[in-house]
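A short write-up of the structure that comes next.
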Amino acid sequence: MRHNSTLQYHIELSKEDIVTLGLCLPASCTKTEIATMMDKVLHNETLLIGQLFSIGLTLVEITDLRSGHEWLLEWNIILIIITLLLICCVSIICTAYDGFVYQKRLKNKKELIPFENNNVSELKNDVEEKGENHCHELTSELKPQNKIIRFILCFSWFTTLKQIFQMEVGYDDMRLFHGMKFFGMIWIILVHALYYAHHAIANKVIAFRMTDEFFTQVLSNATLSVDTFFFTGGFLLTYTFLKTGNKKKTFGESVIQIIQGIIKRFIRLTPGYLVVVMIFILNFTLMEKVSLIPSNEQIHVLCTKYWWRNVLYINNFFPWNEQCLSWSWYLPNDMHFFIFGSIILTLMNTHYNIALSISVITIVTSIFTSGYLAYNYNYVPALNEQYEMLTYFYLRPWTRIPPYLVGMGTCLLLTKWNYKLHLSKKTLFICWTLAILCNCSILFGLANKNLSLGVSILYTAFSRTAWAFGIAWFVVACCTNNCGLINKFLSNKIFFPMSRLTYSCYLLNPAIILSLYSISPYPFFIDYVTIGGVFLVAVLFTYTAAIILSASTEAPFIMLLRLIIQKKETK
Numbered sequence: 001m002r003h004n005s006t007l008q009y010h011i012e013l014s015k016e017d018i019v020t021l022g023l024c025l026p027a028s029c030t031k032t033e034i035a036t037m038m039d040k041v042l043h044n045e046t047l048l049i050g051q052l053f054s055i056g057l058t059l060v061e062i063t064d065l066r067s068g069h070e071w072l073l074e075w076n077i078i079l080i081i082i083t084l085l086l087i088c089c090v091s092i093i094c095t096a097y098d099g100f101v102y103q104k105r106l107k108n109k110k111e112l113i114p115f116e117n118n119n120v121s122e123l124k125n126d127v128e129e130k131g132e133n134h135c136h137e138l139t140s141e142l143k144p145q146n147k148i149i150r151f152i153l154c155f156s157w158f159t160t161l162k163q164i165f166q167m168e169v170g171y172d173d174m175r176l177f178h179g180m181k182f183f184g185m186i187w188i189i190l191v192h193a194l195y196y197a198h199h200a201i202a203n204k205v206i207a208f209r210m211t212d213e214f215f216t217q218v219l220s221n222a223t224l225s226v227d228t229f230f231f232t233g234g235f236l237l238t239y240t241f242l243k244t245g246n247k248k249k250t251f252g253e254s255v256i257q258i259i260q261g262i263i264k265r266f267i268r269l270t271p272g273y274l275v276v277v278m279i280f281i282l283n284f285t286l287m288e289k290v291s292l293i294p295s296n297e298q299i300h301v302l303c304t305k306y307w308w309r310n311v312l313y314i315n316n317f318f319p320w321n322e323q324c325l326s327w328s329w330y331l332p333n334d335m336h337f338f339i340f341g342s343i344i345l346t347l348m349n350t351h352y353n354i355a356l357s358i359s360v361i362t363i364v365t366s367i368f369t370s371g372y373l374a375y376n377y378n379y380v381p382a383l384n385e386q387y388e389m390l391t392y393f394y395l396r397p398w399t400r401i402p403p404y405l406v407g408m409g410t411c412l413l414l415t416k417w418n419y420k421l422h423l424s425k426k427t428l429f430i431c432w433t434l435a436i437l438c439n440c441s442i443l444f445g446l447a448n449k450n451l452s453l454g455v456s457i458l459y460t461a462f463s464r465t466a467w468a469f470g471i472a473w474f475v476v477a478c479c480t481n482n483c484g485l486i487n488k489f490l491s492n493k494i495f496f497p498m499s500r501l502t503y504s505c506y507l508l509n510p511a512i513i514l515s516l517y518s519i520s521p522y523p524f525f526i527d528y529v530t531i532g533g534v535f536l537v538a539v540l541f542t543y544t545a546a547i548i549l550s551a552s553t554e555a556p557f558i559m560l561l562r563l564i565i566q567k568k569e570t571k
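Numbering (full-length UniProt numbering), first residue to last: 1 to 571.
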C-alpha cells in the first residue's frame, strides 16, 4: 500500500511511502479476490490508522508467497540457466581432465626425469631401437606448453585455486596494497550491512539517529573507502605503466597500446560481472516470489532491462534508481579513469607539462563542480541527503576522479625519488600529524551534522581530494621505509589471497547482504550487535562465494590473457 501522509520523519529512501501489510489467508483465496476486498477496505477508510492520521492509502500490489515455478519458463530465465550450466560444465570437465589425466601424466613425467639422468646410455639405446619419432610424440604429449592443454588448465579449479592462494608475488610487487585492498573491502562490507538493510529495518528513525554519533561516522562516511580504491587504481596503473610501457613510441603505437590495455581490462572484468548479473536475476526473481520483506531494489527487473549499460560500462551516466546492481557504478568510473589515466601517461612521454596541466585542471574542475552542485542543491552531507543525491555526487565520474589522479601523481613522485625519502624525525612527525588530522577530520567531522551551507559546500568540494592526499602520505611513508610496522603488517603474505578475491567480493557482497535480510521472516531492529552479526555472516559468505566466482570466471580469463601475452612475447 502507498500512503500520502505528511506526518513522518522525512527520510529520502527508495519506496519510503510503501506500507507492507502481511495477511495469513485460506489457500482458496485468489489474488483477484483479495485485491477487490483490500480496495474496498482502503476506499472506505475502514482501517483506524487512516482515520487517526488522515492517511490516504492506495493498493499497489498483491503478492502470493506460495511460489510457483512458472517464472522458470520465461525465455530470459531459461537462457540464463543454460549459460550458467555451460559455465559449470566447462569448469567440471576441465577440472576432471586436470585431476585424472594431466596430473597423472605430470606425475609419470616427474618419475621419468630421474630415470633419464641415471640411465642415459640405456635410454639412448632404447630410443635408437624404437625410433626418434616415437620419442618425439611421447615428449610432445607430456609438454604442458601444448596449446589445447594450457587452455583447458586455465579453467581447471586445481590451477585457478593455486593461482588464487599462491603465497608468493613478484619481488617488485607493491605488497602494501594487498593489505590495503583487504581492509578496504572489509570496510565496504561493513557499511553495506547497514546501507542495504533499510528496507528491512523496523526502527529506521533510531538507526538514522545512530549515524549521527561520533564513532558511527566510520559507517556514515564509508564512501571514503571507495576513494581509497580509486587512489590505489591510479597508483597501480602508473606503477605498471612505468615498469612495462615507459618507452617513447609513435602516435600509432601509443594508440594501439591504449586500446590493447582497454581490451585486456574488459576481458578480465566482464565475464565475472556478467555471471553475477545472471545469478542475481535468478536469485531476486525467486526472492520476489517468496520473501516477506522483498528488497527495495528490483534487481531482477532492472538488470533484465538495463544489463547492456553495465556491459558497455556506461551505467554511471544514468540515475541511481535505474542501476542494474546499484553498487556496480564503481566499475564504469574505474574503467573511464583507466582510459583517461592511460592517455595522460602516454602523453607524459612526449609532452610532460601538457599532461601535468591537464591532470591539475581536471582535479580543480572536479572540486569546483562538486562545490557548485552542493550550492545549487543546498546540499548538507547528512546520510538522508546522501541517499537523495546519490545520482549527482556519488555516481558521476567528474565528481570522483581526483583521488585517482592523486594516486597517479603519488606513484610518479615516488619513482622520481627512486622510492627513497630521508626526512628528520621532526619532519616525519609533522607529516604524520597533518595526514592523520586531515583524514580524521574528514571521516569524523560530520558528527551531529550541524553544518552551515558554506561549510557543507567546502566539505563536499574538498573532502575526497583531501582524503586522497592523506592516503598518499601513508603510501609514501610505507614505500620509503618510514612506516615500518604498519608496512610489514599490510605486506604480510596472508593478505595476498584475500586481495586477489577483492573484485569478486565487491561484486557479490551487497546481493548476499540483501538476500540475508530478504529471507528473514521478520524485520530487524538495528543496533550494534545486529549490524556486527550481519557483518560477520556477510564476510564469511562473501569470501566463500568469491572463491567460487573467482576460480570459475575471473582467474581463468586472467590466465588466458597471460597466455596470449606470453605467446606474443615469444614470437
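Glycine included, C-beta positions come from ideal geometry on N, C-alpha and C. It should be emphasised that the depicted structure is a prediction, and the values quoted were computed from it without experimental measurement.
Practice prompt. For residue 582, name the three-state secondary structure that DSSP assigns.
Written response: Because the chain spans 1 through 571 in this model, residue 582 falls outside it and cannot be assessed.
Item to complete: Go ahead and pull the three-state DSSP assignment for threonine 553.
Response: It is helical.
Worksheet item: Is threonine 160 near proline 556, with beta carbons less than 8 Å apart?
Response: Going by C-beta atoms, threonine 160 is nearer than 8 Å to proline 556.
Worksheet item: Quick check: the stretch 546-560 against the stretch 145-165, are there 3 or more CB pairs under 8 Å?
Response: Enough Cβ pairs lie closer than 8 Å, so yes.
Practice prompt. With DSSP as the reference, label phenylalanine 338 as helix, strand or coil.
Written response: Secondary structure at phenylalanine 338: helix, using DSSP grouped into helix, strand and coil.
Worksheet item: In the stretch 417-490, which residue ranges form an unbroken alpha helix (DSSP H) of at least 4 residues, counting only runs that do not cross its ends?
Response: Counting only runs of 4 or more, we get 425-444, 453-479 and 484-490.
Worksheet item: Counting pairs of Cβ atoms below 8 Å between the stretch 395-412 and the stretch 333-346, do you hit three or more?
Response: The stretch 395-412 is in contact with the stretch 333-346.
Discussion item. Quick test of your reading: asparagine 333 and asparagine 316, contact by CB under 8 Å. State the CB separation rounded to the nearest angstrom.
Written reply: Contact between asparagine 333 and asparagine 316 holds, with the beta-carbon distance rounding to 5 Å and staying under 8 Å.
Discussion item. Quick check: the stretch 269-276 against the stretch 501-508, are at least 3 beta-carbon pairs closer than 8 Å?
Written reply: Verdict: yes, contact present.
Discussion item. I need the straight-line Cα distance from tryptophan 329 to lysine 426, nearest angstrom please.
Written reply: Those two C-alpha atoms are separated by around 42 Å.
Worksheet item: Closest to valine 539 by CA distance: which of Ala511, Ala355 and Val90 is it?
Response: When each option's Cα is compared against that of valine 539, the closest is Ala511.
Discussion item. So within the stretch 300-358, which uninterrupted alpha helix (DSSP H) runs reach at least 4 residues, ignoring any that extend past its ends?
Written reply: 330-348, all fully within the stretch 300-358.
Fill in: Close beta carbons around cysteine 438, own chain, < 8 Å, minus the five adjacent residues each side
Exclusion of the five residues before and after cysteine 438 leaves Ala466, Trp467, Phe469 and Gly470 as the residues of its chain whose Cβ lies within less than 8 Å of its Cβ.
Fill in: Closest Cα partner of methionine 335 within the set His192, Leu106, Arg268 and Trp417
The shortest C-alpha separation from methionine 335 is found at Arg268.
Worksheet item: DSSP puts phenylalanine 524 in a beta bridge; with which residues?
Response: Ile201.
Item to complete: Using the Cα positions of alanine 207 and leucine 331, report the straight-line distance between them to the nearest angstrom.
Response: Rounded to the nearest angstrom, the two C-alpha atoms are 29 Å apart.
Worksheet item: Anyone know if the C-beta pair for tyrosine 102 and methionine 174 falls short of 8 Å?
Response: No.
Worksheet item: On the three-state DSSP scale, how would you describe proline 397?
Response: Three-state result, proline 397: helix.
Worksheet item: Can you name, in chain order, every residue of its own chain whose Cβ lies under 7 Å from the Cβ of isoleucine 80, other than the five neighbours on each side?
Response: The residues Met278, Ile281 and Leu282, in chain order, have a CB closer than 7 Å to that of isoleucine 80 in the same chain once the five nearest residues on each side in sequence are set aside.
Fill in: Assumed close pair isoleucine 513, tyrosine 196 - CB separation to whole angstroms, cut-off 8 Å
Separation of the CB atoms of isoleucine 513 and tyrosine 196 is rounded to 5 Å, and the pair is thereby assigned contact status at 8 Å.
Item to complete: Less than 8 Å between the CB atoms is what I'm expecting for asparagine 482 and leucine 428, so what's the real figure, rounded?
Response: Asparagine 482 to leucine 428, Cβ: 6 Å. Contact.
Practice prompt. Ignore the nearest five residues each way along the sequence and tell me which others in leucine 347's own chain have a CB closer than 6 Å to its CB.
Written response: For leucine 347, where only same-chain residues beyond five positions count, the Cβ hits under 6 Å are Ala355.
Fill in: Residue environment, methionine 389, which counts as buried when at least 16 other CB atoms sit within 10 Å
Methionine 389 comes out buried.
Worksheet item: Between serine 463 and tyrosine 377, what straight-line distance do the alpha-carbon atoms span, to the nearest angstrom?
Response: C-alpha of serine 463 to C-alpha of tyrosine 377: approximately 18 Å in a straight line.
Practice prompt. Can you tell me the Cβ-Cβ gap for isoleucine 164 and isoleucine 547, rounded? I've got them flagged as a contact below 8 Å.
Written response: Yes, isoleucine 164 and isoleucine 547 are in contact; Cβ-Cβ is about 7 Å, under 8 Å.
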